[in-house]
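First up is the structure itself, then whatever we jot down about it.
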Amino acid sequence: MADIDFRTWPAQESTGTHSRQDWMTPAGGFNRGNETAGAANQNVGAPEFSLLDQLPEVIVDAVGEWAMHLQGQSWRLRRRALNRFSEAFADQFLALNPSLSDEEYDSLTDIGYTCLLELLDDGQPISDLDQAHSYKRSVHDAHRDSAEIFLAMNAPTTTTVH
């Protein structure tokens, strides 16, 4: 794997194999290994479409590298990384198009977040609060619905002392 500074990716090309034209060419399908995975939780269902499949190959490769590094990590760490990645993702588009509005930038952070989450979603039930909060931020209804169900079933109980 090439050394890539994801804070400046893809404005700083690490391999030189991707041109500026590649940046805007959709990558097509991306086999994440969970194409037949079921619902993320409680049989809600998997997302109907993949945002990642709509992105250029150079972006898909970078998202895949982040996902590879996060495999086996706790959801607490993944949640922090998802937030950092989503900002780096939007920053790259901002570097290419400095006239992006704040609304467009925020939308791109949501897309970046969800693209990485798609690769981290193994189709298994949500198992902890950090994972649920990660899914809650997704643009996919199935992820958000799964998170809401988990959070409703596992809401911390508050007790009052008299």
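All the letters of the sequence shown, read from the start, carry residue numbers 1 to 162 under UniProt numbering. Here a beta-carbon is modelled for each residue, glycine too, at the ideal position from N, C-alpha and C.
| Asked | Found |
| --- | --- |
| How would you call S74, buried or exposed, if buried means at least 16 neighbouring beta carbons within 10 angstroms? | exposed |
| Between the alpha carbons of A62 and Q71, how many angstroms are there, rounded? | 15 Å |
| Quick one: Cα of W66 to Cα of T160, how far? | 43 Å |
| At the level of alpha carbons, what is the spacing between R144 and R137? | 7 Å |
| Using CA coordinates, which residue listed in Q124, L82 and D122 is at the minimum distance from H133? | L82 |
| Might you give, ordered along the chain, the residues of its own chain that have their beta carbon closer than 7 Å to the beta carbon of L94, omitting 5 neighbours on each side? | L100 and Y105 |
| Give the straight-line distance between the Cα atoms of G64 and H162, rounded to the nearest whole angstrom. | 53 Å |
| To the nearest angstrom, how far is the alpha carbon of G123 from that of A142? | 11 Å |
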